[in-house]
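Just so we're aligned: 95 in the UniProt record's numbering is position 95 of the sequence shown, and the numbers increase by one with no gaps anywhere. Glycine residues also receive a C-beta, built at the ideal position from the N, C-alpha and C atoms. Below you'll find the structure, written out as structure tokens, and then a few comments.
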Amino acid sequence: MWSPLLYFLLIISTGQDCSSANTCYDPCQSYTSLNDSWRSTNNTDQSNVHCDQNLQWQGWYRMFLEGTSVRMPDYCVPIQRCGTHAPMWIDGTHPSIQDKVVQRGVCGSWTSGCCTFRSNPIHIKACPGNYYVYKFVTSNNCFLAYCAGNSFPCYSI
């Protein structure tokens with residue numbers, strides 16, 4: 001088993017995930033599709049609020065909305081969107097392909113600000129074909145959930 005430091009250095013320097021059984025793979029070639037329409041940044045429905053706290057994320061994920069590849073927002077998402085009370089978004093920019101794999105902080109918006117909740121960092125990789133894959137972690141609290149969408153905000157916060 002790789003030590004946590006060695007794993008971190010391998011994933012950052014090579015763009016490969018070497019977390020399982022001392023073997024490495026390219027996350028752009030081996031990911032799970034995450035196609036939850038409720039994760040959309042445009043979703044304001046609060047009748048069925050979701051929570052990512054109890055999910056056991058394993059491996060890498062590519063986000064889709066209605067079959068279209070999307071990415072996690074890297075801007076403040078207003079509260080009560082993305083099918084949850086406190087939507088989670090990336091605190092930083094998405095990587096370029098040359099960056100290989102990057103680690104980014106994740107924020108959850110709430111009434112007291114855009115980054116009221118800070119989740120543990122996630123890993124992100126830019127892939128050929130103009131899409132991203134994400135290595136998610138369990139959120140620290142309920143009701144927080146990862147957001148998805150390609151639209152840029154046109155609302156005031």
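Considering only DSSP beta bridges, list what Asp-52 is partnered with.
Paired residue(s): none; Asp-52 is not in a bridge.
Does DSSP put Asp-99 in a helix, in a strand, or in coil?
DSSP places Asp-99 in the helix class (H, G or I) of the three-state scheme.
Starting from the C-beta of Ile-97, find all residues in its chain whose C-beta is less than 6 Å away, skip the five residues before and the five after it, and write them out in chain order.
Closer than 6 Å at Cβ, skipping near neighbours: Ala-126.
Residues near Asp-91 by beta carbon distance below 7 Å, same chain, minus five either side
Answer for Asp-91: Arg-104, Gly-105, Val-106, Cys-107 and Cys-115, listed in chain order.
Below 8 Å, how does it come out for the region 65-77 and the region 32-51: are there three or more Cβ pairs, yes or no?
With the cut-off at 8 Å, the region 65-77 and the region 32-51 touch.
Would you tell me roughly how many angstroms separate the C-alpha atoms of Ser-30 and Asn-120, rounded to the nearest one?
Whole-angstrom Cα-Cα distance: 23 Å.
Specify, as a first and last residue, the run of the beta strand (DSSP E) that Ser-40 falls within.
DSSP places Ser-40 outside any beta strand (DSSP E), giving it a letter other than H or E.
What are the start and end residues of the beta strand (DSSP E) that includes Cys-114?
For Cys-114, the enclosing beta strand (DSSP E) begins and ends at 113-127.
Can you check whether the C-beta of Gly-59 is within less than 8 Å of a C-beta belonging to chain C?
In summary, chain C is missing from the structure at hand, where a single protein chain is found.
Cutoff 6 Å; reference Val-77; Cβ partners in own chain excluding five residues on either side
Hits under 6 Å: Thr-41, Pro-87, Trp-89, Ser-109 and Cys-147.
Assign Thr-138 to one of two classes, buried (16 or more other C-beta atoms within 10 Å of its C-beta) or exposed (fewer than that).
It is exposed - the Cβ of Thr-138 has fewer than 16 other Cβ atoms within 10 Å.
What whole-angstrom Cβ distance do Val-133 and His-85 have, given they're in contact under 8 Å?
Val-133 to His-85, Cβ: 26 Å. No contact.
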